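Following this line, the structure appears as structure tokens:
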């Protein structure tokens, strides 16, 4: 069964959900895992693509936008519309909805900051997973 982890940025924490996604992505990539970052929109997809190049001096996380890269050789895929391929085992969800393909992954990371619409949508996703019996973990991030 898919493991669901909620990463909740506390009030006053450094960065936002996009920079947290980059930090988490870097850690997961160095564990040898393959990642799909599912965004809300084309604008968010482009923002994540730029941010992964610049979020930290000296970091390198090989990535590509789904429609423009070879999924079999790209460890981190970013998309707002693409369904999961067989290549990824971790889903980082930045969308407000639960993606209908989430159960294909070994692990799902839900990233929540303190913006009211993000918090509200995150609560709904938490209830969705809980009501279906998925194992849930919550990580408070400062």
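In this note's numbering, the protein residues as written are 86 to 227. Positions of the beta carbon are idealized from the N, C-alpha and C atoms, including for glycine. Small disclaimer: the values here were computed from a predicted structure and weren't measured.
Open item on the list: Please state whether the Cβ-Cβ distance between residue 91 and residue 197 is less than 8 Å.
Closed with: For residue 91 and residue 197, yes; Cβs fall inside 8 Å.
Task: Status (buried if at least 16 other CB within 10 Å, exposed otherwise) for residue 175 - done: Its Cβ being crowded by 16 or more others within 10 Å, residue 175 is buried.
Open item on the list: By the three-class DSSP mapping on this structure, what secondary structure does residue 146 have?
Closed with: Coil, per DSSP.
- [ ] Counting only runs of 4+ residues fully inside the region 145-221, write out the alpha helix (DSSP H) ranges in chain order.
- [x] The qualifying runs are 201-216.
Task: Closest by C-alpha distance to residue 110, when choosing among 125, 126, 149, 95 - done: Nearest to residue 110 by C-alpha distance, out of 125, 126, 149, 95, is 149.
Task: According to DSSP, residues forming a beta bridge with residue 114 - done: Beta-bridge annotation (DSSP): residue 114 is not paired with any residue.
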